[in-house]
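Asker: Letter by letter, the sequence shown follows residues -8 to 244 of our numbering.
All C-beta atoms, glycine included, are put in the ideal place defined by N, C-alpha and C.
If you're wondering where the values come from, they're calculated on a predicted model, not measured in any experiment.
This is the structure I want to talk about, given as structure tokens.
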Amino acid sequence: MLVWGIITVLGVLCVYLLLSRFSMARKMKTLSEEAKHFDEQRAQFNETFRVVRSERHDFLKHVSAIHFMLENKNNEEAKQYLDELVEGYKETNLSIKGEHGVVAGVLHQMYRKARALDIEVVYDFDLPLSTLPLSDQKIITLIGNLLSNSIDACEEWQKKYHQQALLTLQFYKRSGLYLLTCKNNSLPIPAQILDQLFVNYGKTTKGDGHEGLGTKLIQDVVHEANGFLDFVHKDEEFMIKIKIPAIKKGEIV
-8 MLVWGIITVL
2 GVLCVYLLLS
12 RFSMARKMKT
22 LSEEAKHFDE
32 QRAQFNETFR
42 VVRSERHDFL
52 KHVSAIHFML
62 ENKNNEEAKQ
72 YLDELVEGYK
82 ETNLSIKGEH
92 GVVAGVLHQM
102 YRKARALDIE
112 VVYDFDLPLS
122 TLPLSDQKII
132 TLIGNLLSNS
142 IDACEEWQKK
152 YHQQALLTLQ
162 FYKRSGLYLL
172 TCKNNSLPIP
182 AQILDQLFVN
192 YGKTTKGDGH
202 EGLGTKLIQD
212 VVHEANGFLD
222 FVHKDEEFMI
232 KIKIPAIKKG
242 EIV
């Protein structure tokens, strides 16, 4: 009996160690993925800072060029030059207005990535995303994964239909809630994937080589903030709506 008791205890310990090892491996994988995202986001912030410095450095040169055109009565040429200049500044301003540096970096880089793929992007913010009652790291995880998934979906949709896809990100505050909505064109998604999309790791609408971490990380951030996430896929449009209470550390924001 004693021997069987020892064997049973050893068996239980082995199972416990295996489960602990599996759990630790899962956590390490998640942490490794998050670390990779943060490295990418730091690079994005540095790139945004470089763009802003470059624009500021060249501003007087642009003014001088426009002034020269106007002096020489080249009004149409000056207008075209100014329109192109404003469009470039508009792209940067959409991303950095009122945002913390790292958040601005992600927004700017995702905007440029989408435009490089000819995806139309609309940022419609009533207030900066940085006002969310979350750490910068959590905001980056949330926004980075939302936009990355949306861009991938739009790219696949464009490849099939040869039309320009649209991605919109809206952010506003109503009745003590921050409301974040992300919409994009999307190919049909199987029901079995949709049902588990924001529940378990490993569920993804992408092809091979993707691990489905992004959607679960989004849900984790929302859950930690006592928020609510809902999504709808209809008529080849995917929409996520996130509601987060305007409360931080026991105080109303």
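For Glu137, does the three-state DSSP call read helix, strand or coil?
Answerer: Position 146 of the sequence shown holds residue 137. What sits at residue 137 in the sequence shown is Leu, not Glu. DSSP places Leu137 in helix when its eight states are reduced to three.
Asker: Pull up the CB-CB distance for Asn176 and Leu160, whole angstroms please, since I reckon it's below 8 Å.
Answerer: The count along the sequence shown starts at 1 and reaches residue 176 at position 185. The count along the sequence shown starts at 1 and reaches residue 160 at position 169. With 8 Å as the limit, Asn176 and Leu160 do not qualify as a contact, their Cβ atoms being about 14 Å apart.
Asker: Do Ile130 and Leu123 come within 8 Å of each other at the CB atom, strictly closer than that value?
Answerer: Taking the first residue of the sequence shown as 1, we reach residue 123 at position 132. Taking the first residue of the sequence shown as 1, we reach residue 130 at position 139. The answer is yes: Cβ separation under 8 Å.
Asker: Please say whether Ser121 and His91 have beta carbons closer to each other than 8 Å?
Answerer: Position 100 of the sequence shown, counted from the first residue, corresponds to residue 91. Position 130 of the sequence shown, counted from the first residue, corresponds to residue 121. Yes, Cβ-Cβ distance for His91 and Ser121 is below 8 Å.
Asker: Using the C-alpha atoms, what's the distance from Glu67 back to Ile142?
Answerer: On the sequence shown, position 151 is the one that residue 142 refers to. On the sequence shown, position 76 is the one that residue 67 refers to. Roughly 36 Å separates the two Cα atoms.
Asker: In the DSSP assignment, the beta strand (DSSP E) including Gln161 goes from what residue to what residue?
Answerer: Translated into the one-based positions of the sequence shown, residue 161 becomes position 170. Its beta strand (DSSP E) spans residues 157 to 165.
Asker: Nearest to Gln149 by CA position, among Val223, Leu178, Leu125, Lys174, is which residue?
Answerer: Start at 1 with the first residue of the sequence shown, and residue 149 comes out as number 158. Among Val223, Leu178, Leu125, Lys174, the Cα nearest to that of Gln149 belongs to Leu178.
Asker: Taking the alpha-carbon positions, what's the Tyr114 to Gly135 distance?
Answerer: The residue labelled residue 114 in the question sits at position 123 within the sequence shown. The residue labelled residue 135 in the question sits at position 144 within the sequence shown. Approximately 14 Å, taken between the alpha carbons.
Asker: What first and last residue would you give for the alpha helix (DSSP H) that runs through Lys104?
Answerer: On the sequence shown, residue 104 is found 113 positions in, with the first residue counted as 1. 92 to 107 is the span of the alpha helix (DSSP H), which, as asked, contains Lys104.
Asker: Please classify Gly89 as buried or exposed, where buried requires at least 16 other C-beta atoms within 10 Å of its C-beta.
Answerer: On the sequence shown, residue 89 is found 98 positions in, with the first residue counted as 1. Exposed, since its Cβ has fewer than 16 Cβ neighbours within 10 Å.
Asker: Residues in the same chain with beta-carbon distance under 6 Å from Ile231, minus the five sequence neighbours each way, listed in chain order, please.
Answerer: Counting from 1 along the sequence shown, the entry for residue 231 is found at position 240. Contacts found: Cys173, Phe222.
Asker: Can you tell me whether Phe162 is buried or exposed, with buried defined as 16 or more other CB within 10 angstroms of its CB?
Answerer: Translated into the one-based positions of the sequence shown, residue 162 becomes position 171. Buried, by the Cβ-count rule.
Asker: Which whole-angstrom value is the C-beta distance of Leu137 and Lys234, which I expect to be below 8 Å?
Answerer: Mapped onto the sequence shown, residue 137 falls at position 146. Mapped onto the sequence shown, residue 234 falls at position 243. Wrong, their Cβ atoms sit about 14 Å apart, outside the cutoff.
Asker: Once the 5 residues before and after Asp109 are set aside, which same chain residues still bring their CB inside 8 Å of it?
Answerer: Stepping through the sequence shown from its first residue, residue 109 is reached at position 118. Correct list, in chain order: Gln149, Gln155.
Asker: State yes or no: is the beta carbon of Ile134 nearer than 8 Å to at least one beta carbon in chain D?
Answerer: Absent here is chain D; the protein component of the structure consists of one chain.
Asker: DSSP puts Asp115 in a beta bridge; with which residues?
Answerer: Counting from 1 along the sequence shown, the entry for residue 115 is found at position 124. In the DSSP output, where bridge partners are listed per residue, Asp115 has Gln161.
Asker: Look up Asp143 in the DSSP assignment and say whether it is helix, strand or coil.
Answerer: Locating residue 143 in the sequence shown gives position 152, where the first residue counts as 1. Of the three classes helix, strand and coil, the one that applies to Asp143 here is helix, per DSSP.
Asker: When burial is assigned at 16 or more other CB atoms within 10 Å of the CB, is Leu133 buried or exposed?
Answerer: By 1-based counting over the sequence shown, the position of residue 133 is 142. Per the 10 Å Cβ criterion, buried.
Asker: Nearest CA to the CA of Ser166: which residue from Asp186, Val93, Pro236?
Answerer: On the sequence shown, position 175 is the one that residue 166 refers to. Of the listed residues, the one whose Cα sits closest to Ser166 is Pro236.
Asker: For Glu215, which residues of its own chain have a beta-carbon under 8 Å away from its beta-carbon, when the five flanking residues on both sides are left out?
Answerer: Working through the sequence shown from its first residue, we reach residue 215 at position 224. Taken in chain order, the residues that qualify are Lys129.
Asker: For the alpha helix (DSSP H) containing Leu185, list its first residue and its last residue.
Answerer: To locate residue 185, count along the sequence shown from 1; it is residue 194. Here the alpha helix (DSSP H) through Leu185 covers 182 to 185.
Asker: Indicate the three-state DSSP secondary structure (helix, strand or coil) for His153 in the structure shown.
Answerer: For the purposes of this step, residue 153 is taken as the residue at position 162 of the sequence shown. If DSSP states are grouped into helix, strand and coil, His153 belongs with coil.
Asker: Once you ignore the five residues that flank Lys151 on each side, which residues in its own chain have a CB closer than 7 Å to its CB?
Answerer: One-based indexing of the sequence shown puts residue 151 at position 160. Hits under 7 Å: Leu178.
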